[in-house]
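Yeah, the sequence shown ends on 665 if you go by the UniProt record's numbering, and it's all consecutive.
Just so you know, even glycine gets a beta-carbon here, dropped at the ideal spot from N, CA and C.
Notes follow once the structure below has been shown.
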Amino acid sequence: GGEIRFENVTFGYRNDRPIVKNLSLTIPAGKKVAIVGPSGCGKSTILRLLFRYYDVQEGRILIDGQDIRDVSLDSLRKAIGVVPQDTPLFNNTVEHNIRYGNMEASHEEVVEAAKRAHVHESIQQFPDGYGTMVGERGMMISGGEKQRLAVSRIILKDPPLLFFDEATSALDTYTEQALMSHINSILKEKRRTSVFIAHRLRTVYDSDLIIVLKAGHVAESGTHAQLIDRA
Ligand code: ADP
Ligand code: ADP
435 GGEIRFENVT FGYRNDRPIV KNLSLTIPAG KKVAIVGPSG CGKSTILRLL FRYYDVQEGR
495 ILIDGQDIRD VSLDSLRKAI GVVPQDTPLF NNTVEHNIRY GNMEASHEEV VEAAKRAHVH
555 ESIQQFPDGY GTMVGERGMM ISGGEKQRLA VSRIILKDPP LLFFDEATSA LDTYTEQALM
615 SHINSILKEK RRTSVFIAHR LRTVYDSDLI IVLKAGHVAE SGTHAQLIDR A
């Protein structure tokens with residue numbers, strides 16, 4: 435499973451000013467989909483509607499054919515994992531930070547998630563690798579490592595729907611590319627519906643489907659090759 439459909443969705447934070455207007459789009463199950471568009475076009479709003487921080491004013495949102503208003507908020511939010519643009523961390527152990535939102539996970543699961551997300555750039559300096567590293571407090575963590583830590587959280591949570599909300603936008607080009615290729619290798623192991631929200635097309639050119647938003651509606655969609663062809 436994991437198909438997301440927006441059907442004729444209209445929503446505005448104020449009733450007299452719709453942000454998305456009659457928006458219809460389909461994110462196919464198990465695919466890697468990009469939603470791109472300039473700042474302010476409504477990308478984050480789509481995610482907020484999906485989480486039901488706000489409800490649509492017209493139309494409906496379906497996950498695997500089911501209207502999200504018919505699902506409990508708890509199971510809805512459990513089904514979606516988000517890597518945000520900037521991951522706030524607690525002044526606590528790495529393990530505590532990875533476990534955030536997944537409090538019932540075991541130590542072994544935390545260590546495994548840290549390993550798969552490659553949370554530390556020079557893990558060799560820890561005699562027992564991630565087994566001891568996750569116990570560290572007050573770690574100096576780089577921007578790239580913060581985002582890897584956010585990836586380890588969603589590995590632990592393992593939801594059917596993954597959102598990367600400008601997850602690499604704050605990073606330098608080199609770190610961004612390294613993180614994207616690492617995320618891609620993790621996604622290859624397990625087919626999950628993954629949505630990359632981005633304002634730069636170059637970050638997400640290799641997606642199965644690219645949806646270009648303009649002022650709250652779909653301006654065009656297709657693969658990178660198809661978009662270039664039509665341009
Ligand atoms: P994007 O993620 O593409 O940058 P957003 O979805 O955050 O765009 O915002 C779309 C529009 O909605 C913008 O014009 C923004 O100013 C407006 N907006 C976003 N959040 C709120 C809010 N909480 N209240 C009122 N307007 C908002
Ligand atoms: P951004 O604009 O960078 O996407 P958001 O404004 O969406 O950031 O908010 C950051 C976090 O705050 C989100 O990941 C979400 O968990 C939470 N959040 C956002 N809007 C709401 C809301 N209306 N109610 C509760 N939590 C919210």
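Roughly how many angstroms lie between the CA atoms of residue i and residue j, to the nearest whole one?
i: K622; j: D450; result: 43 Å
i: L481; j: L605; result: 21 Å
i: residue 685; j: D520; result: Residue 685 falls outside the range modelled here, since the chain spans only 435 to 665, and no answer is possible.
i: Q491; j: D501; result: 14 Å
i: I443; j: E543; result: Per the sequence shown, residue 443 should be read as Val rather than Ile. Cα-Cα distance, rounded: 39 Å.
i: A584; j: P518; result: 8 Å
i: Y447; j: S458; result: 19 Å
i: S619; j: I461; result: 21 Å
i: S641; j: A601; result: 15 Å
i: Q611; j: K580; result: 15 Å
i: Y564; j: G577; result: 19 Å
i: K477; j: L496; result: 17 Å
i: V646; j: T566; result: 44 Å
i: A659; j: V652; result: 18 Å
i: K624; j: V528; result: 25 Å
i: N525; j: R533; result: 13 Å
i: L635; j: L484; result: 23 Å
i: L596; j: K455; result: 24 Å
i: S506; j: L643; result: 29 Å
i: H552; j: T657; result: 30 Å
i: F445; j: G493; result: 9 Å
i: L523; j: P594; result: 24 Å
i: Q558; j: F440; result: 46 Å
i: I438; j: I617; result: 21 Å
i: G471; j: S603; result: 13 Å
i: I514; j: N536; result: 13 Å
i: L613; j: K648; result: 27 Å
i: S540; j: R626; result: 23 Å
Could you pull the start and end residues of the beta strand (DSSP E) that residue i belongs to?
i: T627; result: T627 to A632
i: E555; result: Careful: E555 lies outside any beta strand (DSSP E) and carries neither H nor E.
i: T444; result: I438 to F445
Residue i lies in the alpha helix (DSSP H); which residues open and close that run?
i: D592; result: Counting along the chain, D592 falls outside any alpha helix (DSSP H), and DSSP gives it neither H nor E.
i: T607; result: T607 to E623
i: I662; result: H658 to R664
i: R550; result: H541 to A551
Which class does residue i belong to by DSSP, given the choice of helix, strand or coil?
i: G563; result: coil
i: I453; result: coil
i: V646; result: strand
i: A584; result: helix
i: E654; result: strand
i: T637; result: helix
Does at least one heavy atom of ligand 3 sit under 8 Å from the Cβ of residue i?
i: G435; result: The model depicted lacks ligand 3 and carries ligand 1 and ligand 2 instead.
Exercise for the section: Say whether the region 626-642 touches the region 572-579, bearing in mind that this needs 3 or more beta-carbon pairs closer than 8 Å, one atom from each stretch. Expected result: no
Problem - the region 501-518 contacting the region 454-466, beta-carbon criterion three pairs below 8 Å - result: no
Problem - Minimum length 3: unbroken beta strand (DSSP E) runs contained in the region 513-538 - result: 514-517
Problem - Contained beta strand (DSSP E) runs [length at least 3] in the region 463-520, N- to C-terminal order - result: 466-470, 492-497 and 514-517
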